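Participant:
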Amino acid sequence: MGDLYAVIGNPIKQSKSPVIHSAFAKSTHQNITYTAIEGGAEDFVALTNAFQAAGGRGLNVTAPFKIEAYAYVAAHSPRAELAGAVNAIKFQDEQVIGENFDGLGLVRDLVCNLQQSLRGKRILLMGAGGATRGSFQQILAEGPSELVIADLFVESALTLASLGSRMGSVQGCDFDALRNEHFDVVINATSASLRGELPPVPASIFKGCEIAYELAYGLGLTPFLKMARDLGVTKLADGVGMLAEQAAESFAWWRGIRPDTKAVIDSITVPLS
Ligand code: NDP
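In the numbering used here, the protein residues as written are 37 to 309.
1. Would you kindly report the start and end of the unbroken alpha helix (DSSP H) that includes Asp39?
2. How about Lys271 and Asp220: do their beta carbons lie closer than 7 Å?
3. Which word fits Asn216, buried or exposed, when buried means at least 16 other C-beta atoms lie within 10 angstroms of its C-beta?
4. Across the region 221-240 and the region 257-264, are there enough close Cβ pairs to call them in contact, namely three or more that are closer than 8 Å?
5. In whole angstroms, what is the alpha-carbon distance linking Ser309 and Ser227?
6. Pick out the complete alpha helix (DSSP H) segments inside the region 79-157, 4 residues or longer, and give them in chain order.
7. Considering only DSSP beta bridges, list what Thr168 is partnered with.
8. Between the C-alpha atoms of Ser153 and Val147, what's the straight-line distance to the nearest angstrom?
9. Is Gly313 near the ligand NDP, going by C-beta to nearest heavy atom under 6 Å?
10. With respect to 6 Å, is the separation between the Cβ of Pro47 and the closest non-hydrogen atom of the ligand NDP below this value?
11. Between Gly141 and chain C, is there a C-beta pair that is closer than 7 Å?
12. According to DSSP, is Gln207 helix, strand or coil?
13. Going by other Cβ atoms of all chains shown within 10 Å of its Cβ, with 16 needed for buried, is Asn67 buried or exposed?
14. When the Cα of Lys62 is compared with those of Ala225, Ile125, Phe287 and Ile175, which residue comes out closest?
15. Does DSSP classify Ala186 as helix, strand or coil?
16. Report whether the distance from the Cβ of Ala252 to the nearest heavy atom of the ligand NDP is below 6 Å.
17. Just verifying my parser: in three-state terms, what is the DSSP assignment at Leu161?
18. Per DSSP, which residues does Thr64 bridge with? Please list them.
19. Distance, Cα to Cα, Val184 vs Asp39?
20. When you compare only the Cα positions, how much space is there between Leu251 and Gly292?
21. From Phe60 to Ser53, what does the alpha carbon distance come to, in whole angstroms?
22. For Asn31 versus Gly244, is the C-beta spacing smaller than 7 Å?
23. Nearest to Phe127 by alpha carbon, out of Gly139, Ala116 and Ala111?
24. What is the DSSP secondary structure of Ile223, counted as helix, strand or coil?
25. Just the Cα atoms here: how many angstroms apart are Arg1 and Phe172?
26. Which term fits Ala197, buried or exposed, when burial requires 16 or more other beta carbons within 10 angstroms of its beta carbon?
27. For Thr297, which three-state DSSP category applies?
28. Would you report the Cα separation of Tyr41 and Thr69, rounded to the nearest angstrom?
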């Protein structure tokens with residue numbers, strides 16, 4: 037049995053992280069064991085303490101524990117600090133350090149895998165939940181002409197916009213304010229697709245749109261992606277690449293070697309049809 041890593045979340049059965057990290061370990065010849073831990077609503081702290089006591093070296097953290105993980109760790113990376121959420125933990129020499137690789141994963145998938153430049157583009161990021169908190173700074177770091185964050189509750193969007201205002205041009209709004217607006221890049225970071233729902237977006241947002249990106253993955257053509265396709269957007273993607281890229285960042289952080297992601301992405305991609 038190799039060094040111990042795991043993903044913790046609830047539900048966790050659907051998680052692809054054990055498959056992804058086992059493939060990374062094989063391709064980089066690292067001796068690790070990677071499991072999945074299902075946390076109940078209340079027992080994140082107890083389960084994480086027990087994992088560390090059993091010799092655990094690192095954890096990936098998924099919904100609904102990213103905020104609890106932020107409170108749990110003793111030290112935060114600058115990225116985790118700005119996001120106010122942690123999606124990876126390293127246990128090292130009695131230290132417990134929190135990171136957030138969601139934004140790096142998203143931007144790396146868009147820019148490197150999908151060859152979608154964000155520089156100078158007008159970008160719509162829908163949803164102001166955990167995934168957006170972890171991603172908006174990395175998007176701003178790419179130098180878009182403007183980033184618009186839209187949420188059902190305008191206050192949530194405005195809060196994130198004000199946090200990002202030092203890094204570039206960023207606005208917060210509700211979905212009503214998107215009428216007659218159009219964007220080069222449209223990213224759905226709401227959880228609507230997990231329930232087969234469509235965020236209340238006007239058709240105008242897809243006019244001239246270069247790519248529609250859905251953070252949810254493995255669901256095929258979600259209502260959001262279908263709307264984009266029906267309105268003429270030709271480049272569509274789901275979050276499988278983001279998932280693999282943030283996993284690769286965690287792996288590199290823990291093991292000091294960055295695995296290639298292409299084979300893993302190919303093996304877990306569900307066709308968008
Ligand atoms: P959260 O629960 O933190 O946030 C969900 C967001 O979606 C909130 O802003 C919420 O708005 C909004 N929302 C929910 N339903 C609707 C709706 N019908 N219309 C419009 N807005 C809606 O979730 P996360 O941010 O953690 O995750 C968001 C998505 O990203 C999920 O699909 C998740 O699977 C995916 N994800 C993918 C990752 C990857 O690696 N590919 C990594 C992380 C997340 P409000 O709160 O105002 O109601």
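Don't be surprised by glycine CBs; every beta carbon is placed ideally from N, CA and C.
Predicted model, so just to flag it, every value in this text is computed and none were measured.
Facilitator: This is what the structure gives:
1. Looking up residue 39 in the sequence shown gives position 3. Per DSSP, Asp39 belongs to no alpha helix (DSSP H); it is in the beta strand (DSSP E), Asp39 to Gly45.
2. Looking up residue 271 in the sequence shown gives position 235. Looking up residue 220 in the sequence shown gives position 184. For Lys271 and Asp220, no; Cβs fall outside 7 Å.
3. Counting from 1 along the sequence shown, the entry for residue 216 is found at position 180. The residue is exposed, with fewer than 16 neighbouring Cβ atoms inside 10 Å.
4. yes
5. Residue numbering aside, residue 309 sits at position 273 when the sequence shown is read from its first letter. Residue numbering aside, residue 227 sits at position 191 when the sequence shown is read from its first letter. Between Ser309 and Ser227, the C-alpha separation is close to 20 Å.
6. 80-89, 102-108, 114-119 and 138-144
7. Within the sequence shown, the letter at position 132 stands for residue 168. Beta-bridge pairing links Thr168 to no other residue.
8. Here the question's residue 153 lines up with position 117 in the sequence shown. Here the question's residue 147 lines up with position 111 in the sequence shown. Answer to the nearest angstrom: the Cα atoms are 6 Å apart.
9. This structure does not reach residue 313, given that the chain is present from 37 up to 309, and the question cannot be answered.
10. By 1-based counting over the sequence shown, the position of residue 47 is 11. No, the ligand NDP has no heavy atom inside 6 Å of this Cβ.
11. Going by chain labels, chain C is absent from the structure shown, which holds only one protein chain.
12. Translated into positions along the sequence shown, residue 207 becomes position 171. Strand.
13. Residue numbering aside, residue 67 sits at position 31 when the sequence shown is read from its first letter. It is exposed - the Cβ of Asn67 has fewer than 16 other Cβ atoms within 10 Å.
14. Numbered from its first residue, the sequence shown carries residue 62 at position 26. Answer by Cα proximity: Phe287.
15. Counting from one through the sequence shown, the residue named residue 186 turns up at place 150. Ala186: strand per DSSP, three-state reduction.
16. Taking the first residue of the sequence shown as position 1, residue 252 is located at position 216. Yes - the ligand NDP has a heavy atom lying nearer than 6 Å to the Cβ of Ala252.
17. Here the question's residue 161 lines up with position 125 in the sequence shown. Strand at Leu161.
18. One-based indexing of the sequence shown puts residue 64 at position 28. Note: Thr64 sits in no beta bridge, so no partner.
19. Locating residue 184 in the sequence shown gives position 148, where the first residue counts as 1. Locating residue 39 in the sequence shown gives position 3, where the first residue counts as 1. Cα to Cα, Val184 sits roughly 42 Å from Asp39.
20. Within the sequence shown, residue 251 is the residue found at index 215, counting from 1. Within the sequence shown, residue 292 is the residue found at index 256, counting from 1. If you take the alpha carbons of Leu251 and Gly292, they lie about 27 Å apart.
21. Position 24 of the sequence shown holds residue 60. Position 17 of the sequence shown holds residue 53. Distance between the alpha carbons of Phe60 and Ser53: 10 Å.
22. Shown here, the chain extends from 37 to 309; a query on residue 31 therefore has no answer.
23. As a first step, residue 127 must be located in the sequence shown, where it is residue number 91. Per the Cα distances, Ala111.
24. Position 187 of the sequence shown, counted from the start, is the residue given in the question as residue 223. Residue state, collapsed to three classes: strand.
25. No answer is possible for residue 1: it lies beyond the span of the chain, which begins at 37 and ends at 309.
26. Translated into the one-based positions of the sequence shown, residue 197 becomes position 161. By the neighbour-count rule (16 or more Cβ atoms within 10 Å), Ala197 is buried.
27. The residue given as residue 297 occupies position 261 in the sequence shown. DSSP places Thr297 in coil when its eight states are reduced to three.
28. In the sequence shown, residue 41 corresponds to position 5, counting from 1. In the sequence shown, residue 69 corresponds to position 33, counting from 1. Tyr41 and Thr69: Cα-Cα distance of roughly 6 Å.
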